[in-house]
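These protein sequence lines map, in sequence, to chains A and B.
Here this note's numbering is used: the first residue of the first sequence is 1, the next is one more, and so on.
Here this note's numbering is used: the first residue of the second sequence is 1001, the next is one more, and so on.
Glycine residues also receive a C-beta, built at the ideal position from the N, C-alpha and C atoms.
Only a predicted model underlies this, so the values are computations on that prediction, with no experimental measurement involved.
One structure below.
Number of protein chains: 2
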Amino acid sequence: MSASPTKILVAQGGGPTAVINQSLVGVVLEARRHRGIDLVYGARHGVRGIVNEDFVDLTQETSHNLELVAGTPAAALGSTRDKPDLAYCQEIFKVLQAHGIRHFFNIGGNDSSDTTRIVADEARRAGYALRCLHIPKTIDNDLVLNDHTPGFPSAARFVAQAFAGANLDNAALPGVYVGVVMGRHAGFLTAASALGKKFPDDGPHLIYVPERVFELDRFLADVKATHERHGRCVIAVSEGIHDASGRPIAAQLAKDLEQDAHGNVQLSGSGALADLLCQEIKSRLGIKRVRGDTFGYLQRSFVGCVSDVDAREAREVGEKAVQFAMWGDRDGSVAIKRTGFYSADYELLRLEAVAGKTRTMDDAFIAPSGTDVTDAFRLYLRPLLGSGMPDAFRLRPAPVPKVLGRA
Amino acid sequence: MSASPTKILVAQGGGPTAVINQSLVGVVLEARRHRGIDLVYGARHGVRGIVNEDFVDLTQETSHNLELVAGTPAAALGSTRDKPDLAYCQEIFKVLQAHGIRHFFNIGGNDSSDTTRIVADEARRAGYALRCLHIPKTIDNDLVLNDHTPGFPSAARFVAQAFAGANLDNAALPGVYVGVVMGRHAGFLTAASALGKKFPDDGPHLIYVPERVFELDRFLADVKATHERHGRCVIAVSEGIHDASGRPIAAQLAKDLEQDAHGNVQLSGSGALADLLCQEIKSRLGIKRVRGDTFGYLQRSFVGCVSDVDAREAREVGEKAVQFAMWGDRDGSVAIKRTGFYSADYELLRLEAVAGKTRTMDDAFIAPSGTDVTDAFRLYLRPLLGSGMPDAFRLRPAPVPKVLGRA
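Structure below.
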């Protein structure tokens, strides 16, 4: 090792996912294979750890333990909700420069891609040779120009399995069931509930995504009609549903609105939306058995519900980021593109093309009714859920003639 | 087959579980092996299906499909929340008699065992030869004289995996996390959260079960102390926590108390308790990031989280019920007894010994602090969770010296 070793830094930001550590380990192990890299640093708790110089030396970790960490959900380095402004990004750059870091790998969603872009700008302006790579991660699946984003398939699998079970439970003890799913602007994760359906009368019978305006009266009419048809009703609702003015339905009842650093109202970590909708169904439709669940943090952190396709791709976006940086000498954002049914490859997008933009569901994925998905969406999502999806079976009807016949 | 074929009837009652269909299929397949049984009927939606003569002929189902149904959660025959009184049980008996049913197998919890007991009494009084067998099932694990009850281990596994993930998520983005778990009187399922811990500083850091009086001030002091020590706090709370007078904490805030046929206030299917506790922590401790999840129906119906030990035992209690009925010619309630570490056998208890009684956690399972479990509980529960439990790994510390050192 020379007097000034070549260092790279990797950080994780935003909400944890089931596979974000795969990307971390993909970076670390791939970087160790490159002669041009001597030390691999990790920032504790994302960009906050950078400005605090809170680094760990990942070069000193065993490859065996790294593999085990890769299979562990959440963010092994810790994460942060900080959304750096220009001054914050300038601080980040100063620290990277002081430590002689030559490659910055930032794993995260929209906000992380924007941070990566600003840091790259700062380095360019200072004439400091720094490669800045954004590695995609978000259960919301809302990065533009990406076929899908690592983390989403595993969360989608959790949602599909949860609704498959909720449907069976609801069929055993009929009533109305409302399951509230994460997703502020994009309905992909809520729509994944449709992949839990098998038989035509299975739930979810109604799916509400933020890509469509939510009208309470129409919702109640939908629930009433479904309940009359099936004697029960299973509903998937995005936490981000909103009225025609864009105001979240959840915000209309929360007394104390908590906002994060991005100015977003807190939608998760509260059962208020499910409880409101259940209350409306009970009081206005007179249905007695109405139950609501908010999937909350379980859908992104549950240990033991991972898509093997997702795990593999999350690993590869980390590996590819290092390869793009070392061989291509380019800044950019790694993206998954679909090349077969099912096969994927990776490309490097310009940071400006991805940063700060939000993808929502294509119209082609949402049924004209606005309360279901299309076959195009089912074909899009199914291969991402991976192998070994549990399946549900039912008894075939063989009714016995009545003897007393009083009922 | 003779002119009057020998018929048996099987029914499922109460809350669905991940393995209740194993017991159903255990009864059906074992009964088919006995020469003394010609037809196996199933009642749709439990005791309600009996009084309505809503039967299906399970003898006409393929053994292959039965095996697939066995691996499907919830109640394939449908369930009910009806709690029959004497008149209702007399109706049940009349229908059984009219159909010439000679063996009644009732899969369920406390209420189902009591129904089975009353129906057996009616048959005895009428001089009608009817064998009545109760087959245990409850995620609450609250049947007396049972080492544990089928359904509980799989739900416990879900809770342990959920808290293992919630702990990782909370470590990545520190704050306070409250997870509310099912269990009105018995804290077994909430206590199962402790099995998600691996490292000494892992959560859940605090566990609140209904076997101990809940005091809000003491709770807040516990949370404050934990948050100061670890910089974060993961809490498992039973939905059944109550004050010194026995009044549920959840009931103190619910405006519209819904009661079921048993006179129980609805505790599940609402996020109110988690939201209340989060609000208290935020407002009185001044902690900013506080999140609450209510595990709701996911913990009992999630497709794809089953303990193989639980599945095996649920199958066997069904098989043993038929064997006890055919060879022992006795009424009773099948129970699991532990014979090794880990091995189980089955015995037939008197219906009177089990019916209508509620088991709660032994004092030996609860730490003196009242907010943790003991090693005795860990040894009790661990083998029930089954094989292939996911494991969590973390990076080992290797801090990098600061260069700027401003923080």
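Residues near residue i in its chain [Cβ-Cβ closer than 7 angstroms; skip 5 each side]
i: Ala311(A); result: Val19, Gln22
i: Asp413(A); result: As displayed, chain A neither begins before 1 nor continues past 407, which places residue 413(A) out of reach and without an answer.
i: Arg1359(B); result: Asp1142, Leu1143, Val1144, Ala1186
i: Met1326(B); result: His1034, Gly1036
i: Val1069(B); result: Asn1021, Val1025, Ala1076
i: Glu1211(B); result: Gly1187, Thr1360, Met1361, Ile1366
i: Ile92(A); result: Val47, Ile50, Val51, Pro84, Val119
Buried or exposed (CB count within 10 angstroms, at least 16 for buried), residue i
i: Glu53(A); result: buried
i: Phe341(A); result: exposed
i: Pro1016(B); result: buried
i: Thr1339(B); result: exposed
i: Ala1396(B); result: Per the sequence shown, the amino acid found at residue 1396(B) is Arg instead of Ala. Classification of Arg1396(B): exposed, given that the 10 Å Cβ count is below 16.
i: Pro1399(B); result: exposed
i: Ser333(A); result: buried
i: Gly286(A); result: exposed
i: Arg1330(B); result: exposed
i: Thr62(A); result: exposed
i: Gln1060(B); result: exposed
i: Arg229(A); result: exposed
i: Gly958(B); result: Lying outside 1001 to 1407, the shown extent of chain B, residue 958(B) is not represented and no answer is given.
i: Ala1087(B); result: exposed
i: Glu1067(B); result: exposed
Close beta carbons around residue i, own chain, < 6 angstroms, minus the five adjacent residues each side
i: Asp1114(B); result: Ala1355, Gly1356
i: Asp1256(B); result: Because the pLDDT at Asp1256(B) is just 49, under 50, the model does not fix this residue reliably, and the value given afterwards should be weighed accordingly. Excluding residues within five positions, none has a Cβ falling inside 6 angstroms.
i: Phe302(A); result: Phe158
i: Gly1196(B); result: Ala1160, Phe1163, Ala1164
Neighbourhood of residue i by C-beta distance below 8 angstroms, restricted to the same chain and skipping five residues each side
i: Ser1245(B); result: none
i: Lys1198(B); result: Ala1164, Asp1391, Ala1392
i: Asp275(A); result: Gly292
i: Cys1305(B); result: Ala1018, Ser1154, Arg1157, Phe1158, Gln1161
i: Ile281(A); result: Val176, Val178, Leu220, Val223, Ile287, Val290
i: Cys1278(B); result: Val1176, Val1178, Val1290, Arg1291, Gly1292
Proximity test, Cβ basis, 7 angstroms: residue i and chain B
i: Leu145(A); result: no
i: Ser88(A); result: Before going on, a small fix: residue 88(A) reads as Tyr here, not Ser. So no, Tyr88(A) is outside the interface.
i: His99(A); result: yes
i: Pro5(A); result: no
i: Thr294(A); result: yes
i: Lys255(A); result: Low confidence applies to Lys255(A): its pLDDT is 47, below 50, so where it sits in the model is not reliable enough to give any reading.
i: Ala166(A); result: yes
i: Gly271(A); result: yes
i: Asp310(A); result: no
i: Thr72(A); result: yes
i: Phe105(A); result: no
i: Phe219(A); result: no
i: Gln60(A); result: yes
i: Phe55(A); result: yes
i: Gly231(A); result: no
i: Leu385(A); result: no
Neighbour flag for residue i against chain A, beta carbons, 7 angstroms
i: Gly1078(B); result: yes
i: Gln1161(B); result: yes
i: Tyr1297(B); result: yes
i: Lys1402(B); result: yes
i: Asp1240(B); result: Correcting the residue type first, residue 1240(B) is Gly in the shown sequence and not Asp. No, no contact with chain A.
i: Tyr946(B); result: Because chain B is modelled from 1001 through 1407, residue 946(B) falls outside the range shown and cannot be assessed.
i: Ala1392(B); result: yes
Residue i CB to nearest heavy atom of the ligand MG below 6 angstroms
i: Ser307(A); result: Because no ligand of any kind appears in the structure shown, any question about the ligand MG cannot be addressed here.
| query | Should the stretch 1177-1190 of chain B be called in touch with the stretch 1345-1354 of chain B, which here means at least 3 C-beta pairs below 8 angstroms? | reply | no
| query | Between the stretch 377-391 of chain A and the stretch 152-167 of chain A, are three or more C-beta pairs nearer than 8 angstroms? | reply | yes
| message | List, from N- to C-terminal side, the alpha helix (DSSP H) runs of 4 residues or more that fit wholly inside the stretch 7-34 of chain A. | response | 20-33
| Where in the stretch 26-95 of chain A do unbroken runs of the alpha helix (DSSP H), each at least 4 residues long, occur, reported from the N-terminal end onward? | 46-51, 63-70
| Any 3 or more C-beta pairs closer than 8 angstroms across the stretch 1221-1241 of chain B and the stretch 1203-1210 of chain B | yes
| task | Flag this pair as touching only if the stretch 98-105 of chain A and the stretch 131-138 of chain A have three or more C-beta atom pairs under 8 angstroms; answer yes or no. | result | yes
| field | Secondary structure, alpha helix (DSSP H): runs of 4+ residues fully inside the stretch 82-164 of chain A | value | 86-98, 110-126
| Does the count of Cβ pairs from the stretch 1158-1169 of chain B and the stretch 1217-1228 of chain B closer than 8 angstroms reach three? | no
| message | Three Cβ pairs or more, each shorter than 8 angstroms: is that satisfied between the stretch 286-304 of chain A and the stretch 314-321 of chain A? | response | no
| Contained alpha helix (DSSP H) runs [length at least 4] in the stretch 176-255 of chain A, N- to C-terminal order | 188-191, 216-230
| message | Extract the residue ranges of the beta strand (DSSP E) inside the stretch 279-304 of chain A, only unbroken runs of 3 or more that lie entirely within it. | response | 290-294
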